[in-house]
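**Q**
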Amino acid sequence: MSTIGDLPPTPVSATSISVVLVTGGSGLVGSALKYLIDNEPIDSPYGRRKDEEWVFLSSSECDLRDIQQTREVFGKYRPREVIHLAAKVGGLFANMSSQHTFLRDNLLMNDSILQVSHEMKVRKVVSCLSTCVFPDKVEYPLTEEKIHLGPPHSSNFGYSHAKRLIDIQNHAYHDQFGDLFTSIIPTNVFGPGDNYNLESAHVIPGLIHKCYLAKKNNTPFTVFGSGEPLRQFIYSRDLAKLFIWVLREYKEIDPVILSVAEDDEVSIKDVADAIIEAMHFKGPVEYDTSKADGQFRKPASNAKLTRLMTESGAGEYEFTPFKLALKVSVDWFLDHYDTDARI
């Protein structure tokens, strides 16, 4: 286990305001963080501290693949802490057809963020990985020490290796320079501000959109597969709260999995039923078993997170009930259907 103790002082502005810079600030998790910063009480466990300013960076302001542009935007905001969410992401087909693009774009982005953070003596960087970093052949449940035990799945090896390399970079910066760069690994994230595009959406936003169209067009709501596979889903605003806890309390360089417990897995049928309830859909539901189910389950352990939060005095985190979180997500989708580019 790699840890870091007392850090050398980092210069702050004359006003003593510490800037927290969030890359990928307009995405699903970035939007959830902004929601907390805008709505949680100041100086509460998951709110903005009174001496903080949060900056949510979008791709329109800076191409993070370009290290000089990255230096310029860091020079503009002079962050003391960084949450790195920005990434080039895509669905299965996009990954399979553009392995080099996903590898190179993410490598360049990650290198720019970490190198400039090092140059500017940023106190802490927390990057977001993905469960795709784990080996294709691995014993379950997934735990943090299994990341490098074998190659990731071939379908998205470019993206997966780029994300996995962040962990290697974090250790290299720490070992050589003492930098506090770390990372988190969330399970399946969903919530307001998700990508609901039917061509590229993940399972929950995709099913929400399909159910909406079935209700609108008076057609069956078709779910691909049997509905039996189990998945761990984490609500984006719960993930955002845990991100803030990691930013303030987590001292290790090694990553930590942010997830609900293994016994909180939800079946795809349970997801579909919750969407039907939230959408008030009364039509027929069909399960297209000609479509593959994929892996039945791929559970991740949140034992490390639970232990560390308990030891820190924060206590075991209480996740938002799945049906409530899903209802908020459905309501956001309905409110933004005609106006948001992510739908």
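So that you can map any letter, position 10 of the sequence shown is 10 in the UniProt record's numbering, and since no number is skipped, the others follow by simple counting. Cβ coordinates follow ideal geometry from the N, Cα and C atoms, glycine included. Small disclaimer: the values here were computed from a predicted structure and weren't measured.
1) Indicate the three-state DSSP secondary structure (helix, strand or coil) for residue 124 in the structure shown.
2) Could you give the DSSP three-state label for residue 131: helix, strand or coil?
3) CA-CA distance, residue 83 and residue 127?
4) Express the C-alpha separation of residue 33 and residue 120 in angstroms, rounding to a whole number.
5) Quick one: measure Cβ to Cβ for residue 223 and residue 207, integer angstroms, because I've assumed they're closer than 8 Å.
6) What do you reckon, are the CB atoms on residue 21 and residue 57 nearer than 9 Å?
7) Quick check on residue 89: does DSSP put it in helix, strand or coil?
8) Specify, as a first and last residue, the run of the alpha helix (DSSP H) that residue 310 falls within.
9) When the Cα atoms are used, what is the spatial distance from residue 337 to residue 330?
10) Closer than 7 Å by C-beta to residue 96: which residues in its own chain qualify, once you throw out the five before and the five after it? Chain order, please.
11) Once the 5 residues before and after residue 11 are set aside, which same chain residues still bring their CB inside 6 Å of it?
12) Under the three-state reduction of DSSP, which class applies to residue 13: helix, strand or coil?
13) Pick helix, strand or coil for residue 188, following the three-state DSSP scheme.
14) From the DSSP output, in three-state form, read off residue 84 for me.
15) Checking 9 Å against the spacing of the C-beta atoms, do residue 186 and residue 284 come in under that value?
16) What residue ranges within the region 131-203 form continuous beta strand (DSSP E) runs of no fewer than 3 residues, ordered along the chain?
17) Could you pull out every residue in the same chain whose Cβ sits closer than 8 Å to the Cβ of residue 335, ignoring the five residues on either side in sequence?
18) Going by CA-CA distance only, name the one from 105, 252, 144, 200 that's closest to residue 86.
19) Between 199, 319, 297, which has its C-alpha nearest residue 140's C-alpha?
**A** Taking the coordinates as given:
1) Sequence index remark: in the sequence shown, residue 124 carries index 124 (1-based). Three-state DSSP puts residue 124 in a strand.
2) Taking the first residue of the sequence shown as 1, we reach residue 131 at position 131. The answer is helix: DSSP assigns residue 131 an H, G or I state.
3) Residue mapping note: residue 83 aligns to position 83 of the sequence shown, counting from 1. Residue mapping note: residue 127 aligns to position 127 of the sequence shown, counting from 1. Cα to Cα, the separation comes out at about 6 Å.
4) Walking along the sequence shown from the start, residue 120 turns up at place 120. Walking along the sequence shown from the start, residue 33 turns up at place 33. C-alpha separation (whole angstroms): 24 Å.
5) For the purposes of this step, residue 223 is identified with residue 223 of the sequence shown, where counting begins at 1. For the purposes of this step, residue 207 is identified with residue 207 of the sequence shown, where counting begins at 1. Residue 223 to residue 207, Cβ: 7 Å. Contact.
6) Against the sequence shown, residue 21 aligns to sequence position 21. Against the sequence shown, residue 57 aligns to sequence position 57. A contact, by the Cβ cut-off of 9 Å.
7) By one-based count along the sequence shown, residue 89 stands at place 89. Under the three-state reduction of DSSP output, residue 89 falls in the coil class, being neither helix nor strand.
8) As a position in the sequence shown, residue 310 is number 310, starting the count at 1. First-last of the alpha helix (DSSP H) with residue 310: 303-312.
9) One-based indexing of the sequence shown puts residue 337 at position 337. One-based indexing of the sequence shown puts residue 330 at position 330. Rounded to whole angstroms, residue 337 to residue 330 spans 10 Å at the Cα level.
10) Start at 1 with the first residue of the sequence shown, and residue 96 comes out as number 96. Result list for residue 96: 155, in chain order.
11) Taking the first residue of the sequence shown as 1, we reach residue 11 at position 11. Low confidence applies here, because residue 11 scores a pLDDT of 47, under 50, leaving its location unreliable; read the following figure in that light. Contacts found: none.
12) Along the sequence shown, one-based indexing puts residue 13 at 13. The predicted model places residue 13 with a pLDDT of 44, which falls under 50 and marks its position as unreliable, so this point remains unresolved.
13) Here the question's residue 188 lines up with position 188 in the sequence shown. Here residue 188 sits in strand by DSSP.
14) In the sequence shown, the residue the question calls residue 84 occupies position 84. Residue 84: strand per DSSP, three-state reduction.
15) Position 186 of the sequence shown holds residue 186. Position 284 of the sequence shown holds residue 284. The answer is no: Cβ separation not under 9 Å.
16) Correct list: 181-186, 188-190.
17) In the sequence shown, the residue the question calls residue 335 occupies position 335. For residue 335, where only same-chain residues beyond five positions count, there are no Cβ hits under 8 Å.
18) Residue numbering aside, residue 86 sits at position 86 when the sequence shown is read from its first letter. The residue with the shortest Cα to Cα distance from residue 86 is 105.
19) Position 140 of the sequence shown, counting from 1, holds the residue named residue 140. Measuring from the Cα of residue 140, the nearest candidate turns out to be 297.
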